[in-house]
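For the sequence shown, counting from 1, position 186 maps to 186 in full-length UniProt numbering; every step adds exactly one.
Built from N, CA and C at the ideal position, the CB exists for glycine as well.
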Amino acid sequence: MAAGLRQGDMSARQGRPGKRRRSTVGALATAENLTQEMAASLSGLGEGAAARIQGVRPVQAVHAQAQLHCHGATPCHILYKIYIEGRGWSVSEKYILACDSVALMVRPRLHDFFSRGLAPLRYYWPVRDRGVAMCRSIKFAVDWGNAHPDKAREIGRNASRFVREDLTMGHVYDYMLHLLTEYARLLRYRPAVPRGAAEGTVESMARGGGGPRGSS
């Protein structure tokens, strides 16, 4: 699941960011306002973009598809992209990272195979996953990005470079090979040829014997 925020969509409007003590009512009101602002910024993308934002494509085309994932066939121009899981794992993480946007990643419960290679504040901005704290965390990230646009764009470019250079199909196949090799080392089962078994060959199958009978 993903959401896009244009620069300045979530500027500070209530209270001072450094003020620690707030009443429960005030905190809930702030969260409600942030939610409304997020909804307003999402609606600005249009129905077509909202539909395309859930697209699933092969890994080898991830960077090109990130352009479609963000906003049609035009280059990504949204400064902030929110990554948050729904009821399960979301395929959109790599598309968001490839979009040259600052990925605001709500702390995930499920991890992708490349998650350990993602360093926070270098490839993405970590966001808390608890109610009002999540809204405050997003607001803080956007305020920081608006105040430091060059550094924010650097995070987006780092993430995009990570996808292009580290998620190539060659690296993916290497990962698959090492993963299967390590799983194989954990196996305790030792295959053995049962008594009375006959070897099936291509020739025996061509004769229509169907294996052991055809080769006997």
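In this structure, DSSP gives residue 82 an extended state, which the three-state scheme calls strand.
Residue 140 sits away from residue 97, with the two beta carbons spaced by 8 angstroms or more. In the DSSP assignment, residue 132 falls outside any beta strand (DSSP E) and within the unbroken alpha helix (DSSP H) covering 131 to 147.
The straight-line gap separating the alpha-carbon atoms of residue 158 and residue 187 is approximately 39 angstroms.
Annotated as distal: residue 124 and residue 152, with beta-carbon spacing of 8 angstroms or more. Here the C-alpha atom of residue 107 lies approximately 6 angstroms from the C-alpha atom of residue 129. In the structure shown, residue 104 adopts extended strand secondary structure according to DSSP, grouped into three states. Rounded to the nearest angstrom, the Cβ distance from residue 79 to residue 145 is 6 angstroms, consistent with a contact under 8 angstroms.
The beta carbons of residue 112 and residue 160 sit about 16 angstroms from each other, so the pair does not count as a contact at 8 angstroms. Each residue's CA atom was taken as its position, placing residue 200 and residue 183 some 28 angstroms apart. Burial is judged here by how many other beta carbons sit within 10 angstroms of a residue's own beta carbon; residue 205 has fewer than 16 and is exposed. Separation of residue 95 and residue 177 (C-alpha to C-alpha, rounded to the nearest whole angstrom) is 24 angstroms.
Counting the other Cβ atoms within 10 Å of the Cβ of residue 93 gives 16 or more, which makes it buried. In terms of Cβ geometry, residue 117 and residue 166 form a close pair [threshold 8 angstroms]. The Cβ atoms of residue 127 and residue 137 lie closer than 8 angstroms to each other. Judged by DSSP secondary structure, residue 193 falls outside any alpha helix (DSSP H); it is assigned neither H nor E. When the five nearest sequence neighbours on each side are left out, the beta carbons in the same chain lying within less than 7 angstroms of the beta carbon of residue 89 are those of 110, in order along the chain.
In this structure, the straight-line span from the alpha carbon of residue 91 to that of residue 147 is close to 31 angstroms.
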